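Below is one structure, written out as structure tokens, with a few remarks after it.
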Amino acid sequence: MRDRAWAVRAGIWVLALIPAGLIVVDFLRGRLGANPIEEVMHRLGWWALAILLISMAVTPLRRITGWNRLIRYRRLIGLFAFAYATAHFLVYIVLDQWFAWGYIVEDIAKRPFILAGFSAWLLLVPLALTSTTASIRRLGKRWSVLHRLVYAAAALGTLHFFWRVKADTREPVVFVMVLALLLVLRIPAVSRKLSDRRRRRTENRNGGHRNARRSGDRVPAPGS
Amino acid sequence: MVWIRRIQEPRDNEITPHGTWLNRRHFIGRSAKAAVASALVPGLLSACDTEQGSAATRSSGLQEAPGGPSQDRDWASVRSELDEPLNPWEDVTTYNNFYEFGVGKDDPARNAHSLRPRPWSVSIEGEVGKPGVYDLEDFLTPHVVEDRVYRLRCVEAWSMVIPWRGVPLGDVIRRVEPTSKARFVEMTTLLDEEQMPGQRRRVLDWPYVEALRLDEALHPLALLATGVYGRDLPNQNGAPLRLVVPWKYGFKSVKSIVRIRLLESMPPTTWAVSAPREYGFYANVNPNVDHPRWTQSQERRLGEFRRRPTLMFNGYEDEVGSLYSGMDLRQNF
Numbered sequence: 005m006r007d008r009a010w011a012v013r014a015g016i017w018v019l020a021l022i023p024a025g026l027i028v029v030d031f032l033r034g035r036l037g038a039n040p041i042e043e044v045m046h047r048l049g050w051w052a053l054a055i056l057l058i059s060m061a062v063t064p065l066r067r068i069t070g071w072n073r074l075i076r077y078r079r080l081i082g083l084f085a086f087a088y089a090t091a092h093f094l095v096y097i098v099l100d101q102w103f104a105w106g107y108i109v110e111d112i113a114k115r116p117f118i119l120a121g122f123s124a125w126l127l128l129v130p131l132a133l134t135s136t137t138a139s140i141r142r143l144g145k146r147w148s149v150l151h152r153l154v155y156a157a158a159a160l161g162t163l164h165f166f167w168r169v170k171a172d173t174r175e176p177v178v179f180v181m182v183l184a185l186l187l188v189l190r191i192p193a194v195s196r197k198l199s200d201r202r203r204r205r206t207e208n209r210n211g212g213h214r215n216a217r218r219s220g221d222r223v224p225a226p227g228s
Numbered sequence: 240m241v242w243i244r245r246i247q248e249p250r251d252n253e254i255t256p257h258g259t260w261l262n263r264r265h266f267i268g269r270s271a272k273a274a275v276a277s278a279l280v281p282g283l284l285s286a287c288d289t290e291q292g293s294a295a296t297r298s299s300g301l302q303e304a305p306g307g308p309s310q311d312r313d314w315a316s317v318r319s320e321l322d323e324p325l326n327p328w329e330d331v332t333t334y335n336n337f338y339e340f341g342v343g344k345d346d347p348a349r350n351a352h353s354l355r356p357r358p359w360s361v362s363i364e365g366e367v368g369k370p371g372v373y374d375l376e377d378f379l380t381p382h383v384v385e386d387r388v389y390r391l392r393c394v395e396a397w398s399m400v401i402p403w404r405g406v407p408l409g410d411v412i413r414r415v416e417p418t419s420k421a422r423f424v425e426m427t428t429l430l431d432e433e434q435m436p437g438q439r440r441r442v443l444d445w446p447y448v449e450a451l452r453l454d455e456a457l458h459p460l461a462l463l464a465t466g467v468y469g470r471d472l473p474n475q476n477g478a479p480l481r482l483v484v485p486w487k488y489g490f491k492s493v494k495s496i497v498r499i500r501l502l503e504s505m506p507p508t509t510w511a512v513s514a515p516r517e518y519g520f521y522a523n524v525n526p527n528v529d530h531p532r533w534t535q536s537q538e539r540r541l542g543e544f545r546r547r548p549t550l551m552f553n554g555y556e557d558e559v560g561s562l563y564s565g566m567d568l569r570q571n572f
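These protein sequences, in sequence, are chains A and B.
5 is the number of the first residue of the first sequence in my numbering; add one for each residue after it.
240 is the number of the first residue of the second sequence in my numbering; add one for each residue after it.
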């Protein structure tokens, strides 16, 4: 079991580093197009949002499938989302603006889409800082409450993407729909229904014995 | 990809009889005229024999498939009137906003092979003495083709320096004799889902329409481009005929034009209809009036790392500023 968890973690590392690796490869091969800074920034932001939504899909997926062990990997996925978001933000500050703080402050203050993106990143900072096991222990129930900020961060990040595009809203609309679905799955009535249905199925399969539940969740699940 | 197709399929002008494509007479003797013009028009490359030569090759149908800049000029040494180097051919032909072929910057370069730029006709309509549907080649025959180096400033805050080839829009308009009622010039892109697959999705209200005030259109800087880097326009750059208005944001410079209409009143234009708060009719490059979503006071010249300040009217203020004297440019953005 322990080995399998290790393998899954390694798999997540590899998968999560692929988009970053492709950026490096495309950079070395001169394949980032005529405006490489914009391209890199766009890709990092896209993946930050995508990975964040994937991390938010862990809990509903767990309810639907009953694979409670999935929870072990949520922190890692969430931290990768934060890493991409931070890289995205740093590319904006360093490569795009070259530390032109005046412009950066003006951008954040005056442009709603930049404000939304910046706020999303800012909300992720305390989540990343309190992602350690020690923090989880120390904060107890408050940890779950604090980490509900992820909903606000995801919503603001999606809004940031939506407001950024000029005319073709197809991609941001997909992100909005995924986010909406994830939120619907978290409505207590819906999520209870999902767990119940799964439980009934397992009970039928096991002839009424409720031995499908697996322990070993070291990271406490947040409130639904 | 685009060019491979062209090599395999001879273009129509390659099989039409000599002389119908561009009348060589108009290239001979243009040097004097161009010399005068170059004193007035920034960015006009001085006329030289090589252009006559290239026109001659073109009329004999021997022009090689355009996979890069023409060989007849040392493009690396060409500068704009502000001493800026050109953006390379790759930038100009792979980083395009041409939503008719997809909304990604590299989509047009990948998808525009479906456009058939020849034969091509342009319909002249509205308040003109000589309306009609003209074959593009006949339409351009009487005009002097010039190479001009212009800055292109996109509303998205990036810019390039591009050596266009084309004819002054004003000359074309005067030739079709605007009536006394004509006050605006509207230009429309081809509407054809088969040739322009991006039109299957209603990202914008197709066909793409742009317009200028008549005095703007008659300004000597306004160019109807037929080529770039000494070559025919690649499809992704708006083949075979596009507008270039260097003092306005790039979206004004409508591509693959099939209709030019002179009008009494200001027509609705595509981006202004799509997002009226963000894109105005005038769309003059103006560092003092921000786009609601980003600053317009600076820009990234493709190929440069640091952003550079954006110039009023994209650096053409001396030439075009008087067109807008007395106008509130914040209101008329």
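Yeah, the Cβ is synthetic: ideal placement off N, Cα and C, and Gly gets one too.
All figures in this text were calculated on a predicted structure; none of them were measured in a lab.
Work out the CA separation of residue j and residue i for me, nearest whole Å.
i	j	result
residue 357 of chain B	residue 24 of chain A	43 Å
residue 354 of chain B	residue 15 of chain A	44 Å
residue 477 of chain B	residue 352 of chain B	12 Å
residue 77 of chain A	residue 140 of chain A	15 Å
residue 64 of chain A	residue 10 of chain A	23 Å
residue 516 of chain B	residue 105 of chain A	27 Å
residue 57 of chain A	residue 198 of chain A	19 Å
residue 45 of chain A	residue 92 of chain A	5 Å
residue 113 of chain A	residue 533 of chain B	11 Å
residue 367 of chain B	residue 111 of chain A	47 Å
residue 419 of chain B	residue 449 of chain B	21 Å
residue 157 of chain A	residue 530 of chain B	26 Å
residue 392 of chain B	residue 178 of chain A	31 Å
residue 400 of chain B	residue 371 of chain B	35 Å
residue 81 of chain A	residue 486 of chain B	48 Å
residue 41 of chain A	residue 208 of chain A	56 Å
residue 502 of chain B	residue 369 of chain B	14 Å
residue 287 of chain B	residue 312 of chain B	Unreliable placement is indicated for residue 287 of chain B, whose pLDDT of 40 sits below 50; the coordinate value is still reported in the next sentence. For residue 287 of chain B and residue 312 of chain B, the distance between alpha carbons rounds to 10 Å.
residue 266 of chain B	residue 410 of chain B	In this predicted model, residue 266 of chain B has a pLDDT of only 36, less than 50, meaning its place in the structure is not dependable; the value taken from the coordinates is given anyway. So the alpha carbons of these two residues sit roughly 15 Å apart.
residue 442 of chain B	residue 171 of chain A	6 Å
residue 523 of chain B	residue 72 of chain A	59 Å
residue 192 of chain A	residue 26 of chain A	40 Å
Smallest Cα separation from residue i: which of the options?
i	options	result
residue 385 of chain B	B:311, B:436, B:467 and B:308	B:467
residue 377 of chain B	B:420, B:545 and B:362	B:362
residue 62 of chain A	A:46, A:48, A:79 and A:51	A:79
residue 67 of chain A	A:109, A:208 and A:190	A:190
residue 434 of chain B	B:422, B:481 and B:339	B:339
residue 151 of chain A	A:132, A:142 and A:169	A:132
residue 520 of chain B	B:383, B:502, B:490 and B:538	B:490
residue 160 of chain A	A:43, A:13 and A:52	A:52
residue 101 of chain A	B:438, B:545 and B:446	B:545
residue 455 of chain B	B:408, B:494, B:427 and B:344	B:408
residue 96 of chain A	B:568, B:539 and B:569	B:539
residue 205 of chain A	A:163, A:164, A:69 and A:155	A:69
residue 374 of chain B	B:360, B:383, B:508 and B:382	B:360
Output the boundary residues of the alpha helix (DSSP H) element that contains residue i.
i	result
residue 462 of chain B	Residue 462 of chain B -> not in any alpha helix (DSSP H); beta strand (DSSP E) instead, spanning 462-467.
residue 375 of chain B	375-379
residue 166 of chain A	153-168
residue 79 of chain A	78-94
residue 128 of chain A	116-133
residue 175 of chain A	174-188
residue 524 of chain B	Looking at the DSSP string, residue 524 of chain B is not in any alpha helix (DSSP H), and its letter there is neither H nor E.
residue 558 of chain B	556-559
residue 67 of chain A	40-69
residue 150 of chain A	145-150
residue 408 of chain B	408-414
First and last residue of the beta strand (DSSP E) that includes residue i?
i	result
residue 450 of chain B	448-452
residue 426 of chain B	423-428
residue 33 of chain A	Note, residue 33 of chain A: premise wrong, no beta strand (DSSP E); not H, not E.
Return the bridge partner residues of residue i from the DSSP annotation.
i	result
residue 364 of chain B	B:500
residue 401 of chain B	B:389
residue 318 of chain B	B:324
residue 308 of chain B	None, per the DSSP bridge assignment.
residue 352 of chain B	According to DSSP, which records beta bridges pairwise, residue 352 of chain B is partnered with nothing at all.
When every heavy atom of the ligand GTP is checked, does at least one fall within less than 7 Å of the C-beta of residue i?
i	result
residue 77 of chain A	You won't find the ligand GTP in this model; it holds no ligand whatsoever.
**Message:** Beta carbons nearer than 9 Å to chain B: which residues of the stretch 30-61 of chain A have them?
**Reply:** 37, 38, 39, 41, 42 and 43
**Message:** Tell me which residues of the stretch 340-374 of chain B have at least one Cβ-Cβ distance to chain A shorter than 7 Å, keeping chain order.
**Reply:** 342, 344 and 345
**Request:** Taking only beta carbons into account, state which residues of the stretch 390-406 of chain B come closer than 7 Å to chain A, listed in chain order.
**Result:** 397
**Message:** Against chain B, which members of the stretch 122-151 of chain A pass a CB distance test of less than 9 Å?
**Reply:** none
**Asked** Name the residues in the stretch 543-555 of chain B whose C-beta lies less than 8 Å from a C-beta of chain A; which are they?
**Response** 544, 545 and 546
**Message:** Tell me which residues of the stretch 483-513 of chain B have at least one Cβ-Cβ distance to chain A shorter than 8 Å, keeping chain order.
**Reply:** 513
**Asked** According to a CB-to-CB cut-off of less than 9 Å, which residues of the stretch 92-114 of chain A neighbour chain B?
**Response** 99, 100, 101, 102, 104, 107, 110, 111 and 114
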